[in-house]
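Protein chains in written order, with our numbering: chain A, 972 to 1427; chain B, 972 to 1427.
We treat Cβ as the ideally placed atom computed from N, Cα and C, and that holds for glycine.
Since the model is a prediction, treat every value here as computed from it, not as a measurement.
Number of protein chains: 2
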Amino acid sequence: MSTAKVVAAFRERFPDRVSTAAAVREHHCQTVTWLPRQPPEAVVTAEDTGEVSWIVARCAEHGVPVIPFGAGSSLEGQLNAPRGGICLDLSKMDKVLRVSADDLTATVQPGVTREELNRRLRDSGLFFPVDPGANASLGGMASTRASGTNAVRYGTMRENVRELEVVLPDGRITRAGSLARKSSAGYDLAHLFVGAEGTLGVITELTVRLYQVPERIGSGVCSFPSVHAACRAVTDALAAGLGLARIELLDEASVRACNEYSGLGLDEKVHLFFELHATDAVLPSEARLLGEILAEHGGGRFEWSTDQAARTKLWRARHDAWWAIHARYPGRKGIPTDVCVPISRLAECVELTQQDILATGADAPIIGHVGDGNFHLLVMIDESDAAVVTRARELVHRLTERAIAMGGTCTGEHGVGQGKAGAMVLEHGAAVDVMREIKRALDPRDIMNPGKILPV
Amino acid sequence: MSTAKVVAAFRERFPDRVSTAAAVREHHCQTVTWLPRQPPEAVVTAEDTGEVSWIVARCAEHGVPVIPFGAGSSLEGQLNAPRGGICLDLSKMDKVLRVSADDLTATVQPGVTREELNRRLRDSGLFFPVDPGANASLGGMASTRASGTNAVRYGTMRENVRELEVVLPDGRITRAGSLARKSSAGYDLAHLFVGAEGTLGVITELTVRLYQVPERIGSGVCSFPSVHAACRAVTDALAAGLGLARIELLDEASVRACNEYSGLGLDEKVHLFFELHATDAVLPSEARLLGEILAEHGGGRFEWSTDQAARTKLWRARHDAWWAIHARYPGRKGIPTDVCVPISRLAECVELTQQDILATGADAPIIGHVGDGNFHLLVMIDESDAAVVTRARELVHRLTERAIAMGGTCTGEHGVGQGKAGAMVLEHGAAVDVMREIKRALDPRDIMNPGKILPV
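Structure (structure tokens):
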């Protein structure tokens, strides 16, 4: 058996860093969603690029699948091993290699987490903004093209990776992108590896963009009579060019859960949470203009603060929404899903989805990064009830179809993995064939994270 | 001969839109730089995507090269036909198909020029910011990953193309990207086609991002004792997070030419030209802060204005720099070249280049989009003097090597074409093999704009 051969080779070279223990293998596969766990046959930990290259080359020789692992926080089965093979754990490649204040960049190994990077930057006046909620690894975040609440101002991993080092599916080491802010020199390989979910190679180093910590941060919250009114307010606020760093929509069900869990004391209505980043001089006028826009769209009282404690409470509650919703439905499992549509279709998409949830009889609070047209359902299911699971699956499937029909995408930030692979043809049509041609060209033996992204 | 066969087929279907006249063919190849003209064997004009698909499929059947043509303003030989074949003229695909104020997007055919798009947007309060100087077509701008003076705030075509329709090298029609602001759904094909210079397919439609016209625009100009001082000022101004939309550096030679041509009356020193985009409320404080930063770095008097006439005069002079420099060297041909380096290396790169120009005895004024680390030489040569041409080539070659050695790129915005293909291996190393593998996978017969980007 080929995997046995490569595992034997790994044991010889890395006696302390190879495991076939069930517990270790279980920990290194999909754990968050309803997809069945498919553990790898072995886990090997690499400590530098040379080791990654050597490991991948051994697997390539023997046709053994390689599944790169960062922090294990992906949501769509990206870490499952449907064809067996080895999990390549990169969490020990956790060094911040360089920070350049002049270039506003940090060069890191893939196992560095976003929280660790920001800890390292604490006294520099700089920060790394992409925040998917979980304390994900930067290599993993690049691989799933992660984003989160700050993306409306700072962009996603797509906009924030400048250069990469990648080990290709045959073990070759290459670089992609440029340390320069822009380049017209050839094919944009950096963007090809970002979002490829490890199916085209292993990211072994990345240079990401940093930003100045804003001089002043203000947060606010405002209720709305409807999702439609809230979304119109968002459209106008974006068009006004305000320094909006976060615009989060919580539907009634999410507000209820957050009230109970975090004591927010909000009316049980649709709410928008805002964060503005600006200079001291500018912030008051931006907040005033934002308040006017919200009022025009029927917003309730706009509660606004630059006080650190008030801001922390609000965003802590937003970050804890996952736990708040779980606490409200004890014994249930939360299935997270996301879609993203053009802003012009957002209100319609959220409202149709709310109606669908109601008609289905599901419990599925909605939270959206609405400045991007991106929203999440957390479908709370009793996994032991097959009928509930089936109805939930169908609900998610209809959501995906609805978003794609509106010119949107089956996932704004979770990635495809196994969970959304079935939607790829509907969304991309003939472009899926182009993706297959690229995959075949770079990974002819299909060893890199097989069974992900491209429908089997 | 294969080309004759496809031309005969084209004449049958498009009797009025095929030409083999020498003048037409000469007009459709490289005209701007020192690369020899290599005209196509015929020019055919397409009017819709179906026609493009049919034309490309015919060429694919017969192995005939296809060179897509937009406005003909590329600078590195992108339009030459080193292996013959046909030029596919897209300039008649010039419709603005949709403008969405809510999504801040415009969907256009590839032949729409940036000036035409902005004319169409005039009463909408929106604009398309990418401005490479020439009135290029948007399809061509996407294909060369163009940028220009506004990129420091608004990004390049890389950041501003949301979705594409592409005819692949076998005639298949596909789409890439998403109308949603973000997506994690599979390989980023949109970024692969942007900057591919027509070597992977023909862009037949594109959706680009639009921006609100800023409430207030202010421009300023400031002299500096050295390139180094000017670049330090730029680094600090960027770090301060000001709403800088343009930061242009002109060296002494460029200032001299612009003074003579446009009557600017500036001291013959290194200058920075600035443009700030902001709200009425914010602009004065931003201008004040910018002035303070410039003074800290030894800047001269900061001449600042929000007056339309003064702004127009300044930026007209900047736009006319090409003509100003040509006027200063009558009878010479201007060879434009560009590189881009990390901001932290910019001052050093410009100063070493100035020393090299002096040592070479060349006339080569420098103008830079220094907010991006990108700068241009316009090398003014007497084409009839072989020794001058050789020295100029060597100067450009050393510039390219210098930029790459500093972690930069051989071209920030002109693209590779034929002119920079020789630098690709030096810049990208093994990644050039990856580019070749992708090219081979999508265009196995190498019919799409052959001989460009990838070194032969």
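query                                                                                                                     : result
Identified DSSP bridge partners for L1220 (chain B)                                                                       : B:L1243, B:G1339
Under 7 Å between C-beta atoms of V1396 (chain A) and V1387 (chain A)                                                     : no
Local conformation of V1321 (chain B) per DSSP, three classes                                                             : helix
Per-residue contacts from T1206 (chain B) into chain A (C-beta, under 7 Å)                                                : D1073
Own chain residues within Cβ distance below 7 Å of R1362 (chain A), not counting five before or after                     : T1331, A1333
Positions along the region 1383-1396 of chain A whose CB lies within less than 8 Å of some CB in chain B                  : G1383, E1384, H1385, G1386, V1387, K1391, A1394, M1395
Exposure of R1259 (chain B), with buried meaning 16 or more beta-carbon neighbours within 10 Å                            : exposed
Cα-Cα separation, L1209 (chain B) to I1264 (chain B)                                                                      : 10 Å
L1163 (chain A): contacting residues in chain B (beta-carbon distance under 9 Å)                                          : Y1158, D1159, L1160, H1162, L1163, V1405, I1409
Alpha-carbon spacing of G1493 (chain B) relative to A1013 (chain B), whole angstroms                                      : The requested residue 1493 (chain B) does not occur in the structure, where chain B is confined to residues 972 to 1427.
Simplified DSSP assignment, three categories, for V1205 (chain B)                                                         : helix
Neighbour-count burial assignment, Q1080 (chain B), 16 or more Cβ in a 10 Å radius                                        : buried
Any C-beta of chain B under 7 Å from that of T1020 (chain A)                                                              : no
Every unbroken beta strand (DSSP E) within the region 1003-1036 of chain A, with a cutoff of 3 residues, ordered by chain : 1013-1016
Backbone CA spacing between M1406 (chain B) and A1117 (chain B) [nearest angstrom]                                        : 20 Å
Any C-beta of chain B under 7 Å from that of C1311 (chain A)                                                              : yes
Continuous beta strand (DSSP E) assignments of at least 3 residues falling wholly in the region 1131-1217 of chain A      : 1132-1138, 1144-1148, 1173-1180, 1187-1195
Given 8 Å, three or more beta-carbon pairs between the region 1188-1196 of chain A and the region 1318-1330 of chain A    : no
Contacting positions in the region 1337-1348 of chain A - beta carbon closer than 7 Å to chain B                          : D1343, G1344, N1345
Secondary structure of S1225 (chain A), DSSP reduced to three states                                                      : helix
Beta-carbon spacing of E1134 (chain B), T1178 (chain B) below 7 Å                                                         : yes
Beta carbon of V1123 (chain A) nearer than 7 Å to that of G1270 (chain A)                                                 : no
Buried/exposed call for G1379 (chain A), threshold 16 Cβ in 10 Å                                                          : buried
Closer than 7 Å to chain C by CB, L1061 (chain B)                                                                         : No chain C is present in this structure, whose protein chains are A and B.
Local Cβ density within 10 Å of K1153 (chain A), reported as buried at 16 or more and exposed below that                  : buried
Neighbour flag for R1143 (chain B) against chain A, beta carbons, 7 Å                                                     : yes
For N1420 (chain A), the three-state DSSP class (helix, strand or coil)                                                   : coil
K1410 (chain A) (DSSP reduced to helix, strand or coil)                                                                   : helix
Simplified DSSP assignment, three categories, for E1051 (chain B)                                                         : Per the sequence shown, the amino acid found at residue 1051 (chain B) is Asn instead of Glu. N1051 (chain B) falls in the coil class under three-state DSSP.
Beta-bridge pairing of M1351 (chain B) - partner residues as DSSP gives them                                              : B:G1305
Within chain A, partners of K1284 (chain B) - CB distance below 8 Å                                                       : In chain order: nothing, as chain A lies at least about 27 Å away.
Neighbouring residues, chain B, relative to S1118 (chain A) (Cβ below 7 Å)                                                : K1153
Within chain A, the residues that V1253 (chain B) reaches when beta carbons sit closer than 9 Å                           : A1249, T1250, A1252, V1253, S1256, E1257
Contact list for the region 1186-1199 of chain B against chain A, Cβ threshold 7 Å                                        : none
Host alpha helix (DSSP H) of L1370 (chain A) (start-end)                                                                  : 1357-1376
DSSP state of T991 (chain B) mapped onto helix, strand, coil                                                              : coil
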